[in-house]
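Numbering (my numbering), first residue to last: 151 to 377.
Think of the CB as a built atom: it goes at the ideal place given N, C-alpha and C, for glycine as much as any other residue.
Keep in mind the model is a prediction, meaning the values are calculated, not measured.
Presented below is the structure to which this report refers.
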């Protein structure tokens with residue numbers, strides 16, 4: 151089983167830097183992608199290319215906005231299951247923006263800045279870390295700071311096609327103190343999907359703070375969808 155890991159908005163493969171070695175140590179072949187974040191369509195195409203480069207059945211895991219990507223990439227015929235880590239799981243015709251606008255704004259919104267070209271980037275400060283990532287160690291903050299890529303508005307506004315979670319088994323790890331993607335949004339999406347739901351305490355940076363729990367869920371998903 152090939153495991154393809156997809157980062158969120160502003161992210162890099164380092165999002166999975168604590169998870170990927172745990173999976174590799176168990177003998178799993180892991181692929182991490184670096185999406186351009188120019189549009190949802192572009193990111194889906196880039197991740198599909200990574201799936202095409204594999205040779206066997208695939209399990210997809212996405213963090214944050216990466217969940218919108220795997221929701222679409224999962225229609226590839228070799229994908230067997232989907233794992234969402236504090237991630238978006240849009241339905242057909244929905245966008246990330248459309249989902250969050252149905253709820254109260256998340257705390258991170260006050261730290262988001264728009265670039266000259268309409269791109270979005272967070273502006274970390276001591277206040278940011280205290281509110282958005284209080285459970286990150288100093289070393290983990292360095293990883294998050296180094297990611298810090300700008301994301302075009304189209305990744306949030308383009309609508310999803312037929313969601314793969316309608317036909318594939320799915321798993322969801324909900325971050326209970328998430329100030330980036332509100333926990334109630336996560337819970338509503340997981341329930342709508344009929345996903346196997348687990349919860350962890352802590353912030354949106356689940357792949358760094360709870361790497362073992364993330365890896366355990368992915369391994370359980372692999373076991374469930376393997377022949």
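Pull up the distance between the alpha-carbon of residue i and that of residue j, whole angstroms please.
| i | j | result |
| --- | --- | --- |
| residue 209 | residue 313 | 15 Å |
| residue 326 | residue 292 | 23 Å |
| residue 173 | residue 206 | 17 Å |
| residue 196 | residue 357 | 22 Å |
| residue 276 | residue 178 | 38 Å |
| residue 237 | residue 333 | 10 Å |
| residue 352 | residue 185 | 26 Å |
| residue 290 | residue 221 | 28 Å |
| residue 371 | residue 321 | 7 Å |
| residue 348 | residue 330 | 18 Å |
| residue 316 | residue 287 | 37 Å |
| residue 285 | residue 342 | 29 Å |
| residue 255 | residue 354 | 15 Å |
What is the DSSP secondary structure of residue i, counted as helix, strand or coil?
| i | result |
| --- | --- |
| residue 357 | helix |
| residue 262 | strand |
| residue 334 | helix |
| residue 366 | helix |
| residue 411 | A query on residue 411 cannot be resolved here, the shown segment of the chain reaching from 151 to 377 and no further. |
| residue 316 | helix |
| residue 379 | Absent from the structure is residue 379, since the part of the chain shown begins at 151 and ends at 377. |
| residue 232 | strand |
| residue 254 | coil |
| residue 300 | coil |
Suppose contacts are defined by Cβ-Cβ distances below 9 Å. Is residue i in contact with residue j by that definition?
| i | j | result |
| --- | --- | --- |
| residue 400 | residue 367 | Because the chain spans 151 through 377 in this model, residue 400 falls outside it and cannot be assessed. |
| residue 217 | residue 239 | yes |
| residue 306 | residue 223 | no |
| residue 187 | residue 159 | yes |
| residue 219 | residue 152 | no |
| residue 302 | residue 161 | no |
| residue 225 | residue 204 | no |
Residues in the same chain with beta-carbon distance under 6 Å from residue i, minus the five sequence neighbours each way, listed in chain order, please.
| i | result |
| --- | --- |
| residue 135 | Coverage of the chain is limited to positions 151 through 377, which leaves residue 135 absent and any answer about it impossible. |
Report the CB separation of residue i from residue j in whole angstroms; it is logged as a contact under 8 Å.
| i | j | result |
| --- | --- | --- |
| residue 308 | residue 189 | 6 Å |
| residue 176 | residue 350 | With 8 Å as the limit, residue 176 and residue 350 do not qualify as a contact, their Cβ atoms being about 20 Å apart. |
What does a CB cutoff of less than 7 Å around residue i pick up in its chain, not counting 5 residues either side in sequence?
| i | result |
| --- | --- |
| residue 182 | 155, 163, 166 and 170 |
| residue 361 | 168, 169 and 172 |
| residue 364 | 169, 235, 323, 356 and 357 |
| residue 375 | 209, 230, 231 and 319 |
| residue 295 | 274 |
| residue 215 | 158, 159, 238, 246 and 305 |
| residue 257 | 281, 282 and 329 |
Once you ignore the five residues that flank residue i on each side, which residues in its own chain have a CB closer than 8 Å to its CB?
| i | result |
| --- | --- |
| residue 253 | 332, 334 and 335 |
| residue 279 | 286 and 291 |
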